[in-house]
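Visitor:
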Amino acid sequence: MTALPDFAPALPEIVLLIAGMVYLLFGVLRDEDSTQVLSWATIAIMAVAGVMIYRASGATATTFGGLFLVNSFTTYAKLLTLLGAGLTLVMVNSWAHTAGTARFEIPILVLFSTVGMLLMISANDLIALYVGLELQSLSLYVLAAVHRNDLRATEAGVKYFVLGALASGLLLYGASLVYGFAGTTTFAGLAEATKGGADNIGVLIGIVFVISGLAFKVSAVPFHMWTPDVYEGAPTPITAFFSVAPKIAGLALFLRVLYGPFGPMLAQWQQVIEAIAILSMAWGAIAAIAQRNVKRLMAYSSIGNLGYALVGLASGTMEGARGLLFFMLIYILMNVGTFACILSMRVNGKPVEDISALSGLSKTRPLTALALAALMFSMSGIPPLAGFWGKFYIFMAGVNAGLYTLSVVGVLSSAVAAFYYLRIIKVMYFDEPAPALETPDTSTSILIGAASIAMLLLFIVPSPIANSAAVAAKSLFPG
Amino acid sequence: MIVASLAFYLFAFMAVIGALNVIFQRNPVHSVLWLIFTFFNAAGLFVLLGAEFVAMILVVVYVGAVAVLFLFVVMMLDINIVVMREGFLRYMPIGALIGVVLLVELALVFGGWAISPEASGLRTTPIVAGVSNTQALGAVLYTKYAYLFQVSGVILLVAMIGAIVLTHRRRAGPRRQTIENQVNRSAADTLEIVKVQTGRGVSL
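Structure (structure tokens):
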């Protein structure tokens, strides 16, 4: 007889999974009209899981034979993921209300992919990492193509699926090389195996492949090709979900994998991450300039922001991890606010996505324009808004770790990126008014308002979040 | 021993022949059939290794389900090889470059290969005596790796939801039998009794 594993550390995930299955039954029986009920129910169960995770914070535990790990870092990253997923579900809800075409499977797929992200964050073994990642990705592929009668959506779905499968293949190839040379898949065992520094070419090539696979999942250059097309083709609230939750989970996984089992090989993987970070920052800034479609613009913006986050990762220090975690919170809020604005871009009942549709917004919808302007200022990192602290912590960590090139490229590309963020403000405030946008519904307005106010508040008092990010970062470095 | 060696070379040779044919066949249906042939030979290799459970699973799952599924897909989709070959020359240089890079990496990897001293001993007796394959796999799959097993189940559930979301459509045409409605039908709803007066008829 084997004793049952301890379920307590994984209880939030188990609750979410069971809820997902119950919702699925409910949706199948109730059919069409259950999308709204189910999205609220999903938000509610995510909130419950969030509270459960928060109440268990501070404890470090492993379960399921060491495959699953909970500590301060996973608590922070999971809460962030749930926040991102929950906020985008609010958008799904109001979109379902206006579009009238939503299917009840959408909130359920969002729920399952969120569970996948939580499992990724908690993974303490290469196989556990892979199954979590695959649960997340598979749900995302379906979500991208959920508008199956729309040509762009199906193209996005197919592209995402094929490239995603390729990335999974790269990751698995890397993982198998690592397993072949280190003889174990557990993170603890790998940390032991790589301890003496690394002269082992097999493990090194394995790590490079694992990094490539993960870089694809967070859409870092040169693995970003799918991003603009998928962002453009998927329905807006789904795009918002793509731009926040998987990024957090992916970066958290990057931190876990590179700082944990491969921590001793810092000198080797640091160069790879540096190269990816420089390319992402530069390309995210330059390629966005030519974009006319708001969603494509946001795709390049998220690629650029990923690059900044990778600077924190490349530093390999506790300070860098803290900067990354703090930056990601601000990134979620900025993106959710901006996508809520994009969601409210509707003229005569039809969504519009061209930047020119925003012209003269300050005269037709002054409050939305003000909020969007605040978000854009924050994205470009101009004080007095929270985006400034996000970049500040990251670049400080980069400088303190001696990564001067990286920090200089970062500051330069964020200056280039400021051009297109500020152009949106210019279009809104100084151009001739375009046809007025429709009034956004209550929950969307609340999201826009709350996000822009949070930008201001977090600039004034960043310390509570920065402190919890510091606690989370600390648990990445045991001993 | 000689029989085992002969069997190994037979299966290995046939597997390589099969794999080459999968790539070089012009007709995709033939490729799939060669793929099935390759699977059978791989199963034979597994039997020689003493992994009879994996061998049977390979035949049941890969030959029985996956390859037959491929066959269906290939036969139903009208794949035009000429159109597919069009982009081939254009992308060949970059493809070849990536191939060469991967090959060099593999060579480097094998250069750094070190076999632990116990490995060769373990290879001769892969299984603990008295424990069958199925028993050994089951013992770890449902205890040590129960978590992974369960999450894989959830992944399959998501795959199923995805397939239904992306393909299932409600047709307006067909009339379905609803037993509930049939049972609840009463004479009062459907029959009307009219007294017909002589010579006047009824208006319907």
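Chains as they are written, first to last, in our numbering: chain A, 558 to 1036; chain B, 198 to 401.
We put the CB at the ideal spot given by N, CA and C, even for glycine.
Predicted, not measured: the structure shown is a model, and the values here were computed from it.
#1: Are the beta-carbon atoms of residue 847 of chain A and residue 973 of chain A separated by less than 8 Å?
#2: Using a C-beta to C-beta distance shorter than 7 Å, which residues of chain A count as neighbours of residue 352 of chain B?
#3: With DSSP collapsed to three states, give me the class of residue 911 of chain A.
#4: How about residue 662 of chain A: is its C-beta nearer than 8 Å to some C-beta of chain B?
#5: Under 8 Å, do residue 793 of chain A and residue 908 of chain A count as touching if we go by C-beta distance?
#6: Please confirm whether residue 392 of chain B has its beta-carbon closer than 8 Å to some beta-carbon of chain A.
#7: Can you tell me which of the three DSSP states residue 672 of chain A falls into?
#8: Hey, residue 675 of chain A and residue 664 of chain A are a contact pair by Cβ (cut 8 Å); roughly how many whole angstroms apart?
#9: Does the separation of the CB atoms of residue 855 of chain A and residue 788 of chain A fall below 8 Å?
#10: Helix, strand or coil: how does DSSP classify residue 625 of chain A here?
#11: On the DSSP bridge list, what partners appear for residue 680 of chain A?
#12: On the three-pair Cβ rule with 8 Å, is the segment 801 to 817 of chain A touching the segment 635 to 646 of chain A?
#13: Would you please state the rounded distance, in angstroms, between the beta carbons of residue 948 of chain A and residue 865 of chain A? I believe it to be under 8 Å.
#14: According to DSSP, is residue 850 of chain A helix, strand or coil?
#15: In angstroms with no decimal places, state the Cα-to-Cα distance between residue 293 of chain B and residue 302 of chain B.
#16: What is the residue span of the alpha helix (DSSP H) that residue 617 of chain A lies within?
#17: Nearest to residue 600 of chain A by CA position, among A:877, A:862 and A:644, is which residue?
#18: How about the segment 858 to 874 of chain A and the segment 943 to 957 of chain A: do they share at least three Cβ pairs that are nearer than 8 Å?
#19: Tell me where the alpha helix (DSSP H) around residue 199 of chain B begins and ends.
#20: Run the CB neighbour count on residue 682 of chain A, radius 10 Å, all protein chains shown included, and call it buried at 16 or more, exposed below.
#21: To the nearest angstrom, report how far apart residue 759 of chain A and residue 307 of chain B are at their CA atoms.
#22: With residue 927 of chain A as the anchor, note down where its alpha helix (DSSP H) starts and where it stops.
#23: On the DSSP bridge assignment, give the partners of residue 397 of chain B in chain order.
#24: For chain E, is any of its Cβ atoms less than 8 Å away from the one on residue 358 of chain B?
#25: Quick check: the Cα distance between residue 779 of chain A and residue 833 of chain A, rounded to an integer number of angstroms?
#26: Between residue 943 of chain A and residue 887 of chain A, is the Cβ-Cβ spacing less than 8 Å?
#27: What residue from A:1035, A:570, A:985 and A:625 has the CA that sits closest to residue 342 of chain B's CA?
#28: Which chain A residues sit within Cβ distance under 8 Å of residue 309 of chain B?
#29: Specify whether the segment 1019 to 1036 of chain A and the segment 871 to 880 of chain A touch according to this definition: at least 3 beta carbon pairs, one from each stretch, less than 8 Å apart.
#30: Mind pulling the chain B residues with CB within less than 9 Å of residue 685 of chain A?
#31: Give me the chain B residues within the contact set of residue 625 of chain A, using Cβ-Cβ distance strictly less than 7 Å, ordered along the chain.
#32: Between the Cα of residue 576 of chain A and the Cα atoms of A:634, A:612, A:672 and A:859, which residue gives the shortest distance?
#33: Contact between the segment 893 to 911 of chain A and the segment 959 to 978 of chain A is defined here as three or more beta-carbon pairs at a separation below 8 Å; is this criterion met?
#34: Taking contact to mean at least 3 C-beta pairs separated by less than 8 Å, is the segment 362 to 372 of chain B in contact with the segment 697 to 707 of chain A?
#35: Measure the beta-carbon distance from residue 802 of chain A to residue 893 of chain A and round it to whole angstroms, keeping in mind my assumption that it falls under 8 Å.
#36: In its own chain, which residues sit with a C-beta less than 7 Å from the C-beta of residue 250 of chain B, not counting the 5 before and 5 after it?
Guide: Looking at the coordinates:
#1: no
#2: 688, 691, 692 and 695
#3: strand
#4: yes
#5: yes
#6: no
#7: helix
#8: Not really, about 16 Å apart at Cβ, beyond 8 Å.
#9: yes
#10: strand
#11: A:625
#12: yes
#13: 6 Å
#14: strand
#15: 14 Å
#16: Here residue 617 of chain A belongs to no alpha helix (DSSP H), and DSSP marks it neither H nor E.
#17: A:644
#18: yes
#19: 199 to 221
#20: buried
#21: 8 Å
#22: 923 to 936
#23: DSSP, once it has assigned bridges, lists no residue as partnering residue 397 of chain B.
#24: Reference to chain E is not applicable here, since the protein chains of this structure are A and B.
#25: 7 Å
#26: yes
#27: A:625
#28: 738, 757, 758 and 759
#29: yes
#30: 344, 345 and 348
#31: 344
#32: A:672
#33: no
#34: yes
#35: Residue 802 of chain A to residue 893 of chain A, Cβ: 10 Å. No contact.
#36: 330, 331 and 334
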